[in-house]
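Here is the structure we will look at, set down as structure tokens.
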Amino acid sequence: MHPSHDPAPTRRRMLGVAAALGAASATVPAAADPPAPDPVGPGATKAGTVTATAGDGSGEGNGWADAPDPASVLFLDAPATEWVDGTLPIGNGRVGATFFGDPVRGVVQLNEISLWAGAIDYDNALNGDDDGDMDTSMTGFGTYLSGGRLLIDVLGADGSDEPVEGAELRRELDVATGLHTMTSQAPGGVVVRQEAFASTPADLLVLALDAEQPLRVELALESDQEGTELSADVDERTLWATGTLGNALQHATAVRILESDGTVEFAADGVSAQIHEVTRLVLLVDQATDYVRDPQKGWRGADPAHTARRHLAGAARTGHADLRSQHLTHLTERTSRVDLQGIDSSAEVLALPLDQRLERVAEGEEDPSLERLLFSYGRYLLLSSSREGGLPANLQGLWNDSNSPAWSSDYHSNINLQMAYWPAEISAIPETHEALIGWLIASRESLRRATRNAFGPVRGWTARTSQSPWGGNAWEWNTVASAWYATHVIEHWDHGRDEDFAREIAWPFVDEVCQFWEDRLIEGEEGTLLAPDGWSPEHGPREDGVMHDQQIVRELFEGAATLAEAVGADEIRRDELRRDELRAVAENIAGEKIGSWGQLQEWQEDRDDPADLHRHTSHLFSLFPGSHITPATPELQRAAKVSLLARCGLPPTDDGTDQPADSPVPEDFESHVSGDSRRSWTWPWRAALFARLGDGDAAHAMVRGLLRYSTLPNLWATHPPFQMDGNFGITAAIGEMLVHSHERTADGQVLVRLLPALPSAWAPAGSVSGLRARGGLEVSVSWQDGAVTDWSVEAATPGAVGSAVVVVDGQETPIEVAPAS
Numbered sequence: 000m001h002p003s004h005d006p007a008p009t010r011r012r013m014l015g016v017a018a019a020l021g022a023a024s025a026t027v028p029a030a031a032d033p034p035a036p037d038p039v040g041p042g043a044t045k046a047g048t049v050t051a052t053a054g055d056g057s058g059e060g061n062g063w064a065d066a067p068d069p070a071s072v073l074f075l076d077a078p079a080t081e082w083v084d085g086t087l088p089i090g091n092g093r094v095g096a097t098f099f100g101d102p103v104r105g106v107v108q109l110n111e112i113s114l115w116a117g118a119i120d121y122d123n124a125l126n127g128d129d130d131g132d133m134d135t136s137m138t139g140f141g142t143y144l145s146g147g148r149l150l151i152d153v154l155g156a157d158g159s160d161e162p163v164e165g166a167e168l169r170r171e172l173d174v175a176t177g178l179h180t181m182t183s184q185a186p187g188g189v190v191v192r193q194e195a196f197a198s199t200p201a202d203l204l205v206l207a208l209d210a211e212q213p214l215r216v217e218l219a220l221e222s223d224q225e226g227t228e229l230s231a232d233v234d235e236r237t238l239w240a241t242g243t244l245g246n247a248l249q250h251a252t253a254v255r256i257l258e259s260d261g262t263v264e265f266a267a268d269g270v271s272a273q274i275h276e277v278t279r280l281v282l283l284v285d286q287a288t289d290y291v292r293d294p295q296k297g298w299r300g301a302d303p304a305h306t307a308r309r310h311l312a313g314a315a316r317t318g319h320a321d322l323r324s325q326h327l328t329h330l331t332e333r334t335s336r337v338d339l340q341g342i343d344s345s346a347e348v349l350a351l352p353l354d355q356r357l358e359r360v361a362e363g364e365e366d367p368s369l370e371r372l373l374f375s376y377g378r379y380l381l382l383s384s385s386r387e388g389g390l391p392a393n394l395q396g397l398w399n400d401s402n403s404p405a406w407s408s409d410y411h412s413n414i415n416l417q418m419a420y421w422p423a424e425i426s427a428i429p430e431t432h433e434a435l436i437g438w439l440i441a442s443r444e445s446l447r448r449a450t451r452n453a454f455g456p457v458r459g460w461t462a463r464t465s466q467s468p469w470g471g472n473a474w475e476w477n478t479v480a481s482a483w484y485a486t487h488v489i490e491h492w493d494h495g496r497d498e499d500f501a502r503e504i505a506w507p508f509v510d511e512v513c514q515f516w517e518d519r520l521i522e523g524e525e526g527t528l529l530a531p532d533g534w535s536p537e538h539g540p541r542e543d544g545v546m547h548d549q550q551i552v553r554e555l556f557e558g559a560a561t562l563a564e565a566v567g568a569d570e571i572r573r574d575e576l577r578r579d580e581l582r583a584v585a586e587n588i589a590g591e592k593i594g595s596w597g598q599l600q601e602w603q604e605d606r607d608d609p610a611d612l613h614r615h616t617s618h619l620f621s622l623f624p625g626s627h628i629t630p631a632t633p634e635l636q637r638a639a640k641v642s643l644l645a646r647c648g649l650p651p652t653d654d655g656t657d658q659p660a661d662s663p664v665p666e667d668f669e670s671h672v673s674g675d676s677r678r679s680w681t682w683p684w685r686a687a688l689f690a691r692l693g694d695g696d697a698a699h700a701m702v703r704g705l706l707r708y709s710t711l712p713n714l715w716a717t718h719p720p721f722q723m724d725g726n727f728g729i730t731a732a733i734g735e736m737l738v739h740s741h742e743r744t745a746d747g748q749v750l751v752r753l754l755p756a757l758p759s760a761w762a763p764a765g766s767v768s769g770l771r772a773r774g775g776l777e778v779s780v781s782w783q784d785g786a787v788t789d790w791s792v793e794a795a796t797p798g799a800v801g802s803a804v805v806v807v808d809g810q811e812t813p814i815e816v817a818p819a820s
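Mind the numbering: the sequence shown is residues 0 to 820 in numbering that gives the first Met the number 0, read in order.
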């Protein structure tokens with residue numbers, strides 16, 4: 000588990016600096032003619048519906064909006080005692096923050112997604128290290144680093160710091176609007192309301208505070224990076240923390256006082272500031288490095304202090320009211336694309352703080368609204384930690400409080416990074432996928448060199464298990480990584496059907512990966528093709544024909560053939576047979592085998608143990624996220640279910656007379672899952688696998704299992720340690736319970752199944768709108784008593800298919816799809 004930061008030690012330095020302010024300080028009066036104050040309360044009651052209300056529901060015209068929709072809010076009523084399980088996150092895909100929520104000694108953990116230790120182009124072998132080594136030093140592979148902290152002390156006007164005993168505290172994160180709010184009492188009982196958001200349009204963080212009576216606020220920056228210089232620009236009312244890491248990466252953090260109605264004093268040493276007699280305070284916070292996602296520029300770009308100044312200046316010209324409005328417009332356009340409705344939890348349950356709701360679920364109680372919140376939270380987290388032109392979400396998304404996070408908080412290629420992007424397409428936030436695809440494209444030359452060094456004169460590339468922002472490649476080779484990555488490129492094309500993307504980006508990427516595998520595949524004893532020296536992550540021996548590799552490589556070639564046809568690759572390659580070559584490879588790859596106890600074999604040899612509870616289900620890739628095991632292959636579907644149930648603690652009897660696959664899953668099924676199978680990302684993958692099998696109740700049990708056994712009080716998934724892949728994956732899995740689009744009809748049309756795995760707990764009534772399907776389609780469906788009552792399938796993109804087949808309550812309905820308007 001990651002170490003947490005105890006706020007107490009940071010205060011000792013803070014208070015010492017504050018004591019020196021009177022003796023040596025620079026005083027800045029309140030800004031002349033500051034922008035007119037605007038409400039900093041929650042401004043949207045539902046995603047996409049931004050309100051401008053006065054009052055908080057009490058009839059008092061205090062400028063605060065009415066309470067947001069509880070179905071979109073994470074609510075806690077106590078400060079965090081540990082970073083990992085009590086803080087609440089905001090982010091814009093590049094810079095982010097997590098809030099501890101102490102009403103007096105406020106701590107805001109800061110992060111910038113490119114703040115990494117490590118060497119450019121590192122590779123174990125090229126660096127002379129063993130494959131099993133994981134060098135997290137500045138000159139090795141490296142690690143994601145803490146961005147330090149902003150300390151915000153909210154004191155009485157006289158400097159008193161005694162908390163109000165028994166005072167109510169309310170901390171909220173609205174995942175529809177991205178607004179983090181806190182209502183508390185400062186010393187003396189003064190009511191204080193704080194709000195924060197991570198603006199993508201302005202590319203920085205905005206924090207605001209309103210108090211009912213004048214207070215003193217003290218600010219300071221802390222850095223966890225050696226050699227960081229703390230300073231202040233009094234004229235610009237800005238605190239700075241700047242430095243250069245041991246790998247020459249430059250970094251800068253800035254906190255500018257945009258609005259205040261009090262008197263500002265900066266300490267002579269530049270490390271802190273005090274604002275006296277303040278009732279209104281707005282801060283702009285930015286953090287930057289000189290990283291750029293471009294190996295041709297040496298992965299380095301503009302001076303980060305210059306970047307931060309540019310962001311601060313632009314935001315200052317905009318003003319808080321417009322910053323807030325622009326943020327809400329930008330984010331709610333994305334969060335409102337999908338709307339999932341169903342039976343609500345009781346008002347009494349909705350009124351409970353999140354940790355208490357999770358305790359109820361852990362005891363076996365129902366909370367359907369929390370399940371839908373989990374779905375929305377995954378979308379919010381991916382939007383907050385992944386954006387176009389930037390780095391992909393890492394093992395912890397964007398958020399980190401440590402210089403030595405678990406597994407470097409890296410880009411893990413054997414399930415975790417891929418799972419992070421499973422919801423990108425189905426939950427209608429495809430723009431997040433660009434961060435993954437663009438980073439892979441930028442990393443290819445580094446990976447080509449490492450691949451040729453390891454595998455000889457092959458075309459193309461692949462990757463090790465751990466990857467860094469600048470081509471770094473560490474730990475064991477995960478040889479099938481490139482094929483799995485390429486399927487993401489294909490999925491992004493298939494859900495959008497953008498011709499330019501297909502021709503200019505997708506085809507060159509996918510074709511090169513296919514070339515690697517054409518050079519890599521070997522012929523087995525039966526004349527079929529095998530992926531050599533594979534490893535079923537992270538399980539069993541290395542050998543030829545591991546089913547995980549077989550399935551992914553076949554998925555690659557099948558998708559590549561479809562893509563080749565779509566872009567006219569024969570013409571591009573001047574090879575009339577390229578599409579047919581790809582299909583021939585796919586057809587000749589050795590397929591699945593059914594073993595002695597009815598299971599889908601994980602290896603070529605029938606060695607699967609029915610008592611094995613390993614967390615990975617790698618040999619079921621063809622069921623999900625792959626597309627080969629479908630209702631058209633019932634024998635393989637049954638074998639996959641036998642394997643999956645065994646991993647969940649329900650193996651067949653030794654004599655084979657009792658096969659759980661022949662019966663509905665038991666009540667409280669999630670409690671049967673134990674040991675190594677209770678992991679952050681394990682539950683979502685199994686939920687999606689059961690969804691593809693059409694078993695809604697089993698899939699729902701996996702959703703509940705994540706909440707009961709592998710979710711922290713702030714709704715972050717935990718392995719342990721904390722990993723955000725579980726949050727991302729469960730969103731995709733819930734989407735798969737409601738819509739399938741991975742099948743094709745005999746004539747190649749997209750087949751859309753509505754409510755393929757609706758659990759009985761959700762059956763009474765519900766609806767979902769805006770889910771995306773392959774073929775560039777958008778799907779909406781309503782239901783009552785488990786039956787579809789209304790549905791629509793429409794074009795989501797200009798390149799959408801003109802026709803499809805929709806399966807409603809088991810009946811196929813051909814439809815024509817009008818072009819997107």
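Yeah, the Cβ is synthetic: ideal placement off N, Cα and C, and Gly gets one too. If you're wondering where the values come from, they're calculated on a predicted model, not measured in any experiment.
CB of residue i within 8 Å of CB of residue j, strictly
| i | j | result |
| --- | --- | --- |
| Ala786 | Val749 | no |
| Glu669 | Arg707 | yes |
| Arg703 | Val360 | yes |
| Gly341 | Ala764 | yes |
| Trp790 | Leu753 | yes |
| Asp118 | Gly471 | The amino acid occupying residue 118 in the given sequence is Ala; Asp does not appear at that position. A contact, by the Cβ cut-off of 8 Å. |
| Val664 | Pro651 | no |
| Leu770 | Val816 | no |
| Arg685 | Cys647 | yes |
| Ala197 | Asn110 | no |
| Asp152 | Val205 | no |
| Leu244 | Met137 | yes |
| Met546 | Glu591 | yes |
| Ile292 | Gly389 | The sequence as given places Arg at residue 292; Ile does not occur at that position. The answer is yes: Cβ separation under 8 Å. |
| Leu229 | Leu150 | no |
Among the options, nearest to residue i - alpha-carbon criterion
| i | options | result |
| --- | --- | --- |
| His739 | Thr80, Val807, Glu601 | Val807 |
| Val805 | Gly769, Leu168, Arg743 | Arg743 |
| Gly313 | Ala201, Arg606, Gly539, Leu218 | Ala201 |
| Ala638 | Leu244, Leu776, Pro665, Gln598 | Gln598 |
| Pro659 | Ile112, Arg606, Trp596 | Trp596 |
| Thr306 | Ser617, Gln295, Thr241, Cys513 | Thr241 |
C-alpha distance - residue i paired with residue j, whole-angstrom precision
| i | j | result |
| --- | --- | --- |
| Val800 | Val566 | 15 Å |
| Val254 | Glu490 | 41 Å |
| Arg323 | Thr237 | 21 Å |
| Arg309 | His250 | 15 Å |
| Asp132 | Phe515 | 25 Å |
| Glu358 | Thr710 | 10 Å |
| Asn61 | Asp173 | Legend: pLDDT at Asn61 = 34, less than 50; position of this residue unreliable, value from coordinates given subsequently. Computed Cα separation, rounded: 20 Å. |
| Ser759 | Asp696 | 6 Å |
| Gly56 | Pro507 | Residue placement at Gly56 is flagged as unreliable, the pLDDT there being 32, under the threshold of 50; the coordinate-derived value follows with that caveat. Between Gly56 and Pro507, the C-alpha separation is close to 57 Å. |
| Ser24 | Asn402 | Any reading at Ser24 is ruled out, since the residue's pLDDT is 47, under 50, leaving its predicted position unreliable. |
| Gly539 | Trp438 | 31 Å |
| Leu257 | Glu235 | 9 Å |
**Asked** What runs of the beta strand (DSSP E), each 3 residues or longer, lie entirely inside the segment 141 to 177?
**Response** 148 to 154, 169 to 173
**Message:** Using 8 Å as the cut-off, can you tell me whether the segment 116 to 124 makes contact with the segment 174 to 185, which would need three or more C-beta pairs spanning the two stretches below that distance?
**Reply:** No: fewer than three Cβ pairs fall under 8 Å.
**Request:** Go through the segment 239 to 287 residue by residue and report every complete run of the beta strand (DSSP E) that reaches 3 residues or more, in order.
**Result:** 249 to 259, 262 to 266
**the segment 273 to 285 touching the segment 209 to 221, judged by at least three CB pairs closer than 8 Å** = Short answer: they touch.
**Message:** Between the segment 370 to 384 and the segment 435 to 443, can you find at least three pairs of beta-carbon atoms closer than 8 Å?
**Reply:** Between the segment 435 to 443 and the segment 370 to 384, the count of Cβ pairs shorter than 8 Å is below three; the stretches do not touch.
**Item:** Runs of beta strand (DSSP E) wholly within the segment 763 to 809 (minimum 3 residues, chain order)
**Value:** 764 to 772, 776 to 783, 786 to 794, 802 to 807
**Asked** Just checking, does the segment 125 to 145 make contact with the segment 159 to 169 on the three C-beta pairs under 8 Å criterion?
**Response** Remark: fewer than three beta-carbon pairs, one from each stretch, lie closer than 8 Å, so the segment 125 to 145 and the segment 159 to 169 are not flagged as touching.
**Request:** May I have a chain-ordered list of the beta strand (DSSP E) segments no shorter than 3 residues that lie completely inside the segment 489 to 554?
**Result:** 533 to 535, 538 to 542
**Request:** Kindly provide the ranges of any alpha helix (DSSP H) runs that are 4 or more residues long and lie completely inside the segment 63 to 118, ordered along the chain.
**Result:** Counting only runs of 4+ residues, the alpha helix (DSSP H) found wholly inside the segment 63 to 118 occupies 82 to 85, in chain order.
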